[in-house]
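Student:
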Amino acid sequence: MKHLVTAGLAVATLCFITLSHATGLATCDSGPRSGWQPQEKLEKQLTEQGWKIRRIKEDGGCYEVYAFNEKGERVEAYFHPVTFAPVPTTPRQR
876 MKHLVTAGLA VATLCFITLS HATGLATCDS GPRSGWQPQE KLEKQLTEQG
926 WKIRRIKEDG GCYEVYAFNE KGERVEAYFH PVTFAPVPTT PRQR
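The letter at position 50 of the sequence shown is residue 925 when you use the numbering used here, and the numbering goes up by one with no holes.
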């Protein structure tokens, strides 16, 4: 019984740590941060495409971008920090 409780606590702790780190909309297998391209480079690339960047942050190993796209539409987009490839998202559960 003692081992079952210990295992349960370990699983619960791991779940809590994972949930507190990311929103769950997207995740990237991005490797060590030393291999990531700078956020400023992504911002420059998107700005050249006509985006107006409001904020870029890290989430789930991806770069999460809050911006207005070239059509003036508000977007929340995710990009791989090494390749800057767009990352598909999963819909939010309500």
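All C-beta atoms, glycine included, are put in the ideal place defined by N, C-alpha and C.
1. Report the rounded CA-to-CA distance for residue 929 versus residue 904, giving the unit in angstroms.
2. Which one or two residues does DSSP pair with residue 962 in a beta bridge?
3. Per DSSP, which residues does residue 939 bridge with? Please list them.
4. Comparing alpha-carbon positions, which option in 964, 959 and 965 lies nearest residue 920?
5. Please go through the same chain and pick out, in chain order, the residues whose beta-carbon is closer than 6 Å to the beta-carbon of residue 951, but skip the five residues on each side of it.
6. Cα-Cα, which of 953, 910 and 926 is closest to residue 947?
7. Going by beta carbon distance, what residues of the same chain come within less than 8 Å of residue 909, once the five residues before and after it are set aside?
8. Buried or exposed for residue 936, going by 16 or more other Cβ atoms inside 10 Å?
Tutor: Well, looking at it:
1. To locate residue 929, count along the sequence shown from 1; it is residue 54. To locate residue 904, count along the sequence shown from 1; it is residue 29. Near 25 Å, if we compare the C-alpha coordinates of residue 904 and residue 929.
2. The sequence position of residue 962 within the sequence shown is 87, counting from 1. DSSP output for residue 962 lists 953 as bridge partner(s).
3. Numbered from 1 along the sequence shown, position 64 holds the residue referred to as residue 939. DSSP lists 932 and 953 as partners of residue 939.
4. Translated into the one-based positions of the sequence shown, residue 920 becomes position 45. For the set 964, 959 and 965, the Cα lying nearest the Cα of residue 920 is the one of 959.
5. Your numbering for residue 951 matches position 76 in the sequence shown. Excluding sequence neighbours, residue 951 sits near 941.
6. The sequence position of residue 947 within the sequence shown is 72, counting from 1. Minimum Cα-Cα distance from residue 947 among the listed residues 953, 910 and 926 corresponds to 926.
7. For the purposes of this step, residue 909 is identified with residue 34 of the sequence shown, where counting begins at 1. For residue 909, there are no CB contacts under 8 Å within the same chain when 5 residues up- and downstream are skipped.
8. In the sequence shown, residue 936 corresponds to position 61, counting from 1. Buried is the call here.
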